[in-house]
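Written out below as structure tokens is the structure these notes cover.
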Amino acid sequence: DVQLVESGGGLVQPGGSLRLSCAVSGFTFSSYWMTWVRQAPGKGLEWVAKINQDGSQRHYVDSVKGRFTISRDNAKNSLYLQMNSLGVEESAVYYCARDRNFRFCSSQAGCYYYYAMDVWGQGTTVTVSS
Amino acid sequence: DIQMTQSPSSLSASVGDRVTITCRTSQSINIYLNWYQQEAGKAPKLLIFAASGLQSGVPSRFSGRGSGTDFTLTISGLQPEDFATYYCQQSFTIPYTFGQGTNLEIK
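Those sequence lines, one after another, are chains Z and Y. In this text, residue positions in the first sequence follow our numbering: the first is 1, and each later residue adds one. In this text, residue positions in the second sequence follow our numbering: the first is 1001, and each later residue adds one.
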């Protein structure tokens, strides 16, 4: 079965750091872009970061640039998110997800590739509080 | 960043009803639009990719349409397990952005 399992969440003080992990099984991890998405309590989804197959390309939402680092270890089938200088507003459930490239043909656009997050972990909770 | 506006924010319907959720983007995104379902306390689940592509295993009562800036998700014949929150998301450009969500409740 395809499975993503996050860990590493917990309680951290404002300004503190935390490293999240996402253990992957059931598919060839090294073949896919991977993504982190977060959801504050009672709020909607926010995309945080994504990384390509070999780790050479990384993208972040502006609010975390310079503080968060996404990385991966293909030998360990694992994805990571190092979070530094955390603020209380970053308390959330953090999900890892596979960012799959779907080939799709439409009458409007012809045949192209489109990204969508097709497999998600169960999430790990980060609480930033003093 | 591309802004995503979903409507309505909440919706009450009955089992068997047909409902439509709308997503509007602040700029044209071709068909780089995905829909997710999130049940309470669970991770999101991909329903539709590329505006109208049905994800494997998703029932055919779910359908998506649209291109450019206006998109819809339609559920034909609501089932009890469909009462959840639905999000649209654009993958046209980084940063990916989501709509604020539509909470579908039982009437």
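The C-beta atom is built at its ideal place from N, Cα and C for all residues, glycine as well.
- Around the beta carbon of Y:S1052, 16 or more other beta carbons lie within 10 angstroms, which makes this residue buried.
- Along the stretch 1046 to 1067 of chain Y, the positions whose C-beta sits under 8 Å from a C-beta of chain Z are L1046, F1049, A1050, A1051, S1052, G1053, Q1055 and S1067, read in chain order.
- Listed along chain Y, no residue sits closer than 9 Å to Z:E89 by beta-carbon distance, the nearest being about 17 Å off.
- The stretch 30 to 46 of chain Z makes contact with the stretch 1088 to 1105 of chain Y: 3 or more CB pairs, one atom from each, lie closer than 8 Å.
- The beta carbon of Y:S1063 lies closer than 6 Å to those of T1074 in the same chain, with the five residues before and after it left out.
- One alpha carbon belongs to Z:G26, the other to Z:N74, and they sit about 14 Å apart.
- Non-local C-beta neighbours of Y:R1065 in its own chain, meaning closer than 8 Å and more than five positions away in sequence, comprise A1051, S1052, F1071, T1072 and T1074, ordered along the chain.
- As the crow flies, the alpha-carbon of Y:Q1090 is around 18 Å from that of Y:S1009.
- In this structure, DSSP gives Z:N74 a helical state, which the three-state scheme calls helix.
- Contact with chain Y is found for Z:L45, since one of that chain's Cβ atoms lies less than 8 Å from the residue's Cβ.
- Assigned with DSSP and collapsed to three states, Z:D62 falls in helix.
- Nearest to Y:Q1037 by alpha-carbon distance, out of Y:S1067, Y:Y1087 and Y:T1005, is Y:Y1087.
- For Y:T1085, the CB contacts under 6 Å within the same chain, skipping 5 residues up- and downstream, are Q1038, G1101 and N1103 in chain order.
- Of Y:S1076, Y:R1024 and Y:Q1055, the smallest CA-CA separation from Y:M1004 is found for Y:R1024.
- In this structure, Z:L18 places its C-beta atom within 8 Å of the C-beta atom of Z:V12.
- Nearest in C-alpha terms to Z:I51, of all of Z:T69, Z:A40, Z:P41 and Z:V64, is Z:T69.
- Y:T1097 reaches chain Z at W47, counting residues in chain order whose Cβ is nearer than 8 Å.
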